[in-house]
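Visitor:
Protein chains in written order, with the numbering used here: chain A, 736 to 943; chain B, 3 to 304.
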């Protein structure tokens, strides 16, 4: 692994801040150079953001490229009511939101109605993990924990335990091309959910 | 206990934030400087079960970490980012060239643009093939399949509406031409939202879905394209052809056949010019295949 902190500090001392670059772009003062500087400052980070939130390298690249081409065409209309970084975040979120709606993994205020098998396959010990836990508290914790998964992991869990799809169907729907298909992200998701629900006091971890 | 309690709203202000957190506080959340009391209320709101805000909190945490000065990226992330850099560099170079060309001709071309719109309305079905086309496999009832060429990409030369969509068209066209149909479909959908009267983005989006074998979604998208095209008076054989392909791929031959017959009928009235796609012949061929497979099926069921 390599850090980007050294590069970022060097760049910060040599080039103007985000607000100045945006101003130059909008006023047509070395527009291409201003855009390039902003792009160089953020493109690696935004790729990492999409990679970590989506869980797929190719899709992360598509979203990242789309984000930065949108910046080029939309920066003229940025009104500066937030920082550039925040604006970039909201553009990135809109792309994620579109993906979530397409895959139907967007979370909202409605409860997540998981199949009964979810709790047994979570493998959290002999006792029923839900015993004595308020349904509302359990559902709220489940939603928080689902939000922490990447998009593919969440899609696989929701597909398997909410929509009742088979792993093969989910593999096809998400176009997963790894040899294990949807099984690998499902196992990873269950591990993360187990840890998250234990820390929320919803499941006992097997020793209670 | 009957079930989860309704989640209390954090704010009534839905101006630009997630719906529950105002836009100004999204920035503070991202930068870790939300007022402690507001942070506590937000955390409680997430604990109470707001999925949307749980996603926002998770997204903000990952974004803040990835864009911080002390961010540590994996080698895979850096490699992926370099690929993105190359792709965006190419796009910006192309876009810059298009914009310079646009600026030169904008003042002179207003009247010419109006004439182009009129010609495009009349000739939209007769666009010459100008870009390399992919292909898709249309499954038939007898288990065989028919290879169908995708629509060659021909970006509109005239901007309709207030927004300059040329950049979006270029990005979508890049994806389409290089066979990245998933990305292309998403980008065309984005253009369709920004240009609610235009049918072309829905046409290309529908063909992208066809190329991915998503026939039913393609049929729905192309039906919307048809509605817009009819309102604008820009219907043509290309749209009808791909609608028919989508319907046939969705096992809705009863709807596909009248469309195909209409294409054959219309094409007999106008000769096909060199370089044009002969949709009449394509429709006639597909009609024959559909009817032959239907006959074979009926014969097999006796």
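The beta carbon of each residue, even a glycine, is placed where N, CA and C say it ideally should be.
#1: Given that residue 936 (chain A) touches chain B, what residues does it touch there, using C-beta distances under 7 Å?
#2: By the 10 Å Cβ neighbour count, where 16 or more other Cβ atoms means buried, how is residue 37 (chain B) classified, buried or exposed?
#3: With a cut-off of 8 Å, does the C-beta of residue 53 (chain B) fall near any C-beta of chain A?
#4: CB-CB under 6 Å to residue 32 (chain B), same chain, minus the five flanking residues each way: which ones, in chain order?
#5: Determine, for residue 740 (chain A), whether the minimum Cβ-Cβ distance to residues of chain B falls below 8 Å.
#6: From the DSSP output, which residues share a beta bridge with residue 150 (chain B)?
#7: Go ahead and label residue 903 (chain A) buried or exposed: buried means 16 or more other beta carbons lie within 10 angstroms of its beta carbon, across all protein chains shown.
#8: Under 8 Å, do residue 192 (chain B) and residue 170 (chain B) count as touching if we go by C-beta distance?
#9: For residue 826 (chain A) and residue 779 (chain A), what's the separation of their Cα atoms in angstroms?
#10: For the stretch 834-847 of chain A against the stretch 871-886 of chain A, do three or more pairs of beta-carbon atoms, one drawn from each stretch, fall closer than 8 Å, so that the two count as touching?
#11: Leaving out the 5 sequence neighbours to the left and right, which residues in its chain are closer than 8 Å to residue 841 (chain A) when beta-carbon positions are compared?
#12: Is the CB of residue 844 (chain A) under 8 Å away from at least one CB in chain B?
#13: Quick check: residue 60 (chain B) and residue 883 (chain A), are their CB atoms within less than 8 Å of each other?
#14: For residue 891 (chain A) and residue 50 (chain B), what's the separation of their Cα atoms in angstroms?
#15: By alpha-carbon positions, which one of A:929, A:930 and A:887 ends up nearest to residue 916 (chain A)?
#16: Taking only the alpha-carbon atoms, compute the straight-line gap between residue 198 (chain B) and residue 816 (chain A) and give it to the nearest angstrom.
#17: State the Cα-Cα distance for the pair residue 777 (chain A) and residue 856 (chain A), rounded to the nearest angstrom.
#18: Compare the beta carbon distance of residue 308 (chain B) and residue 185 (chain B) with 8 Å and say whether it is the shorter of the two.
#19: Between residue 926 (chain A) and chain B, is the shortest Cβ-Cβ distance under 8 Å, so that the two count as touching?
#20: Just to confirm, is the Cβ distance from residue 800 (chain A) to residue 89 (chain B) under 8 Å?
#21: Note down, in chain order, every chain A residue with its Cβ under 8 Å from the Cβ of residue 64 (chain B).
#22: Can you tell me where the alpha helix (DSSP H) with residue 833 (chain A) in it begins and where it stops?
#23: So residue 79 (chain B) and residue 786 (chain A) are in contact, right, with Cβ under 8 Å, and what is the actual spacing, rounded?
#24: Among B:266, B:260 and B:209, which one has its Cα closest to the Cα of residue 138 (chain B)?
#25: Using a Cβ cut-off of 9 Å, pull out every chain A residue sitting near residue 93 (chain B), in sequence order please.
#26: Do residue 252 (chain B) and residue 218 (chain B) come within 8 Å of each other at the CB atom, strictly closer than that value?
#27: Could you check where the alpha helix (DSSP H) with residue 203 (chain B) kicks off and where it finishes?
#28: Hey, could you find the ends of the alpha helix (DSSP H) residue 64 (chain B) is sitting in?
#29: According to DSSP, is residue 897 (chain A) part of a helix, a strand, or is it coil?
#30: Confirm, please, whether the CB-CB distance from residue 772 (chain A) to residue 819 (chain A) is below 8 Å.
#31: Can you check which of these residues, B:69, B:279, B:40 and B:77, is closest to residue 823 (chain A) by C-alpha distance?
#32: Is residue 796 (chain A) buried or exposed, if buried means 16 or more other CB atoms sit within 10 Å of its CB?
#33: Roughly how many angstroms lie between the CA atoms of residue 58 (chain B) and residue 811 (chain A), to the nearest whole one?
#34: Quick test of the definition: if touching needs 3 or more C-beta pairs under 8 Å, does the stretch 241-255 of chain B touch the stretch 139-155 of chain B?
Guide: Taking the definition as stated:
#1: The contacting residues do not exist; residue 936 (chain A) stays about 11 Å from chain B at best.
#2: Exposed is the call here.
#3: yes
#4: 62 and 66
#5: Low local confidence applies: a pLDDT of 49 at residue 740 (chain A) is under 50, so the model's placement there is unreliable, with the coordinate-based value given in what follows. Chain B contact via Cβ: present.
#6: B:138
#7: Residue 903 (chain A) comes out exposed.
#8: yes
#9: 16 Å
#10: Yes, since at least three Cβ pairs between the stretch 834-847 of chain A and the stretch 871-886 of chain A fall closer than 8 Å, the two stretches touch.
#11: 832 and 835
#12: yes
#13: yes
#14: 24 Å
#15: Here the closest residue by C-alpha is A:887.
#16: 28 Å
#17: If you take the alpha carbons of residue 777 (chain A) and residue 856 (chain A), they lie about 40 Å apart.
#18: Here chain B comprises residues numbered 3 to 304, so residue 308 (chain B) is not present and cannot be evaluated.
#19: Among the CB atoms of chain B, none fall inside 8 Å of the CB of residue 926 (chain A).
#20: It is a contact, given that the beta carbons lie within the stated cut-off.
#21: 784, 787 and 788
#22: Where residue 833 (chain A) is concerned, the enclosing alpha helix (DSSP H) starts and stops at 819-838.
#23: 5 Å
#24: B:209
#25: 800, 803, 804 and 807
#26: yes
#27: 202-213 is the extent of the alpha helix (DSSP H) around residue 203 (chain B).
#28: 53-68
#29: coil
#30: No, the pair does not count as a contact, with Cβ atoms beyond the cut-off.
#31: B:69
#32: buried
#33: 26 Å
#34: yes
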